[in-house]
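Using my numbering, you'd call the opening residue of the sequence shown number 6 and step up by one each time. All C-beta atoms, glycine included, are put in the ideal place defined by N, C-alpha and C. Working notes, structure below.
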Amino acid sequence: MNQSAPQLTSPHLSFTQLLSSTRRGARLARLLTVSQLRSWPTPQDLTERAELVVAELAANAVLHGHVPGRSFRLTLVFDAAACHLRVDVTDPRGDRWPQAGPVSATPEALLRTGGRGLTLVDALTDHWETLAFPPSGKTVRAELTGTS
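In structure tokens, the structure reads:
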């Protein structure tokens, strides 16, 4: 009865937190992200990009995904071997999906105070997408790879 032991793969580090769907909750999501990533073997460049991505996705969850009495969820999953981070921000509004609009250089577009956040997310991530979160929510997932 000699069986070989299963090969161990490098574990993914993960963190999940429910946060109030308020400006304070969005700020806390950003602060918790930085704190958590600094406690893991995460490169500085990846931490800095993730901070901006989480700030934008959490702000969008609060602004566009808010349902009274419901929270949003932040999940971070880090694969240290691949230096790959997955950021999931889940909110209860599955009927309103984010759309990255084209970047416009018109004076009116440059003077607007909003509407450029997903363009920033697109520039800072390797990939981002929106997934259904049954029964009625959505998850915006962003993937970032750092330099080890």
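### Exposure label - Glu134; buried when at least 16 CB within 10 Å
One-based indexing of the sequence shown puts residue 134 at position 129. Glu134 comes out exposed.
### Task
Between the Cα of Thr95 and those of Pro139, Asp127, Ala87, spot the shortest distance and give me the residue it belongs to.
Residue 95 sits at position 90 when you count from the first residue of the sequence shown. Looking at the Cα atoms, Pro139 is the closest of the given residues.
### Task
Can you tell me which of the three DSSP states Gly122 falls into?
The count along the sequence shown starts at 1 and reaches residue 122 at position 117. Gly122: helix per DSSP, three-state reduction.
### alpha helix (DSSP H) segment containing Val58, residue limits
On the sequence shown, residue 58 is found 53 positions in, with the first residue counted as 1. Counting along the chain, the alpha helix (DSSP H) containing Val58 begins and ends at 49-69.
#### Entry: Span separating the alpha-carbon of Leu116 from that of Gly122
By one-based count along the sequence shown, residue 116 stands at place 111. By one-based count along the sequence shown, residue 122 stands at place 117. Residue placement at Leu116 cannot be trusted, given a pLDDT of 48 that sits under 50; the coordinates are not used to answer.
### Query
To the nearest angstrom, how far is it from the Cα of Phe83 to the Cα of His89?
Counting from one through the sequence shown, the residue named residue 83 turns up at place 78. Counting from one through the sequence shown, the residue named residue 89 turns up at place 84. Answer to the nearest angstrom: the Cα atoms are 6 Å apart.
#### Entry: Which of helix, strand or coil DSSP assigns to Thr172
A question about residue 172 goes unanswered here, because the residues of the chain that appear run from 6 up to 153.
#### Entry: Where Asp127 falls: helix, strand or coil (DSSP)
Taking the first residue of the sequence shown as 1, we reach residue 127 at position 122. It is helical.
### Local conformation of Ser19 per DSSP, three classes
Taking the sequence shown and counting its residues from 1, one reaches residue 19 at position 14. Residue state, collapsed to three classes: strand.
### Query
Are the CB atoms of Phe77 and Pro97 nearer to each other than 9 Å?
Reading the sequence shown from its first residue, position 72 is the one you call residue 77. Reading the sequence shown from its first residue, position 92 is the one you call residue 97. Yes.
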